[in-house]
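S.K.: Can you read through this structure? Questions will come right after.
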Ligand code: SAH
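Residue numbers (the working numbering): 479 to 966.
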């Protein structure tokens with residue numbers, strides 16, 4: 479029999495990816511099998527190994543029983559197969575997370591486990607709405623309840639609850655909101671007590687409804703409030719007026735499609751999420767290395783070396799065998815990203831044009847070289863780098879090396895439409911992604927009629943207009959920060 483595996487019973491926080499703990503992240507990275515529920519941010523699953531088995535076992539709030547047995551069985555079975563299992567739950571595993579029942583079945587089967595606490599929604603969701611659960615002089619305690627009754631119908635002791643002076647927090651209490659409110663008021667709680675209901679807290683869909691015990695039922699009907707949502711009752715709710723912060727973020731609630739290649743998408747997505755937006759990734763290009771070895775001999779005859787993209791730098795540096803072979807070269811770069819990447823390799827660019835275009839780079843290189851000298855440009859198969867033109871315009875000898883190919887990814891139309899239904903803005907960082915996107919939707923502009931488009935710069939915008947896409951946002955500085963600035 480295989481050695482028994484191990485199970486991490488872990489919490490993933492309330493929805494903001496970065497509220498996952500470092501320990502939780504490590505457990506997911508290690509896991510052979512991840513069992514998760516519906517309350518977690520799906521991007522957390524990207525931390526798992528490529529070949530990890532991913533099992534979704536979500537349970538609605540009410541039908542717990544049957545699915546819970548299945549969850550217990552699944553984690554036991556997988557661990558008995560010798561696998562490391564991450565059982566990932568929203569919030570904290572012990573706050574209405576049934577982590578205890580799972581541990582009981584692991585214990586019964588002699589399987590080892592660790593518990594990794596998570597940031598529970600009961601405190602973090604109010605925090606994301608600008609409501610502290612305690613506050614000096616306002617609330618000296620907070621109390622967390624489930625809004626469900628027990629299986630036999632037993633309900634909380636509201637006579638006691640109504641007397642509590644601290645903040646009351648109800649999870650899973652949307653269906654039973656009318657009873658909660660009437661039982662509190664019936665037992666003496668002031669009807670003017672402030673109430674906030676926070677739906678999908680700490681996510682781009684967060685929505686906060688504020689009222690009092692007197693009017694919250696009516697308001698919740700008007701606003702058609704749906705779970706998952708948390709109800710906060712107490713004077714601390716009033717602090718939201720001053721403490722509100724999350725919804726004020728620049729891209730709050732914006733759902734944005736990232737079309738660039740998968741190796742570079744992450745950096746862009748993280749920036750979007752930092753600004754409060756949601757990044758959905760669907761690459762329309764991929765980068766293919768084509769450069770063979772670069773030897774000192776290859777570079778000896780040149781006096782300047784020009785890079786027109788970070789990918790060019792990356793591919794070139796992979797293939798160079800001795801950095802000293804660059805020592806005699808002046809180095810030019812297009813774009814601050816290209817310059818920064820060179821710096822990571824301890825190479826300081828000598829020059830960078832104001833405008834992020836290879837033609838400007840070629841022009842600027844004249845100032846750093848002499849008549850008749852040779853200049854090498856590292857570029858891609860689709861770059862608008864026209865060395866013949868440069869050679870006819872300037873008294874230099876320009877050559878180029880194609881370091882990588884940019885391969886378009888043409889997708890199934892249905893797949894694209896499915897993703898378009900989830901986003902409001904599509905971003906293009908190059909003309910080739912526009913080409914591939916247009917081809918993927920078969921040129922059917924009807925399916926993008928509700929979509930706004932953002933472009934990294936004039937060249938990409940021109941391609942977009944050619945196909946009939948609107949250019950709703952255009953970067954002034956032609957990089958991802960520029961495009962994010964435009965989206966603000
Ligand atoms: N273990 C979880 C709670 C599970 S019970 C935790 O510690 O947070 C499920 C309930 O949690 C939901 O019905 C809702 O009341 C609350 N909840 C969880 N995530 C939430 C979120 N992002 N926004 C609002 N409520 C949330």
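Glycine is no exception: its CB is placed at the ideal position from the N, C-alpha and C atoms.
What residues are listed by DSSP as bridge partners for residue 930?
M.R.: According to DSSP, residue 930 bridges with 903.
S.K.: Please report the Cβ distance between residue 568 and residue 517, rounded to the nearest whole angstrom; I am assuming they are in contact, meaning their Cβ atoms lie under 8 Å.
M.R.: Rounded, the Cβ-Cβ distance is 3 Å, consistent with contact.
S.K.: Is residue 520 near the ligand SAH, with its Cβ less than 7 Å from a heavy atom?
M.R.: No, the beta carbon of residue 520 sits no closer than 7 Å to any heavy atom of the ligand SAH.
S.K.: Which first and last residues belong to the beta strand (DSSP E) in which residue 871 is found?
M.R.: Run containing residue 871: none in the beta strand (DSSP E); it sits in the alpha helix (DSSP H), 865-871.
S.K.: Would you call the stretch 665-678 and the stretch 739-750 in contact, with 3 or more CB pairs under 8 Å?
M.R.: Not touching, per the Cβ criterion.
S.K.: Around the C-beta of residue 785, are 16 or more other C-beta atoms found within 10 angstroms, so that it is buried, or is it exposed?
M.R.: Counting Cβ neighbours within 10 Å, residue 785 comes out buried, since at least 16 surround it.
S.K.: Is any heavy atom of the ligand SAH found at a distance shorter than 7 Å from the C-beta of residue 676?
M.R.: Under cutoff, so the answer is yes.
S.K.: Excluding the five sequence neighbours on either side, which residues of its own chain have a C-beta within less than 6 Å of the C-beta of residue 562, listed in chain order?
M.R.: Same-chain partners within the cutoff: 483, 484, 508, 509, 510.
S.K.: Would you check if the stretch 660-669 and the stretch 632-641 touch, i.e. whether three or more CB-CB distances between them fall below 8 Å?
M.R.: With the cut-off at 8 Å, the stretch 632-641 and the stretch 660-669 touch.
S.K.: For residue 882, which of helix, strand or coil comes out of DSSP?
M.R.: Strand at residue 882.
S.K.: Would you kindly work out how many angstroms separate the C-alpha atoms of residue 845 and residue 927, rounded to a whole number?
M.R.: Answer to the nearest angstrom: the Cα atoms are 48 Å apart.
S.K.: Whose C-alpha, out of 635, 905, 961, is nearest the C-alpha of residue 737?
M.R.: Looking at the Cα atoms, 905 is the closest of the given residues.
S.K.: Write down the C-beta distance between residue 795 and residue 810 rounded to the nearest angstrom, noting that I regard them as a contact closer than 8 Å.
M.R.: In fact, because the Cβ distance is near 16 Å, the residues do not count as touching under 8 Å.
S.K.: Provide the residue span of the beta strand (DSSP E) that contains residue 760, from first to last.
M.R.: No beta strand (DSSP E) holds residue 760; DSSP gives it neither H nor E.
S.K.: From this set, 875, 909, 903, which residue's C-alpha is nearest residue 964's C-alpha?
M.R.: The residue with the shortest Cα to Cα distance from residue 964 is 903.
S.K.: Given a threshold of 16 other Cβ atoms within 10 Å of its Cβ, counted over all protein chains shown, does residue 805 qualify as buried or as exposed?
M.R.: So residue 805 ends up on the exposed side.
S.K.: Mapping the DSSP letters down to three states, classify residue 658 as helix, strand or coil.
M.R.: Residue state, collapsed to three classes: helix.
S.K.: Could you have a look at residue 652 and say whether DSSP puts it in helix, strand or coil?
M.R.: It is coil, neither helix nor strand.
S.K.: According to the Cβ coordinates, are residue 756 and residue 682 closer than 8 Å?
M.R.: Result yes, Cβ atoms of residue 756 and residue 682 sit closer than 8 Å.
S.K.: Going by the CB atoms, is the gap between residue 512 and residue 557 shorter than 8 Å?
M.R.: The answer is no: Cβ separation not under 8 Å.
S.K.: Less than 7 Å between the CB of residue 578 and some heavy atom of the ligand SAH, yes or no?
M.R.: Residue 578 Cβ: outside cutoff for every heavy atom of the ligand SAH.
S.K.: Tell me the residue span of the alpha helix (DSSP H) that contains residue 594.
M.R.: Careful: residue 594 lies outside any alpha helix (DSSP H), inside the beta strand (DSSP E) at 590-594.
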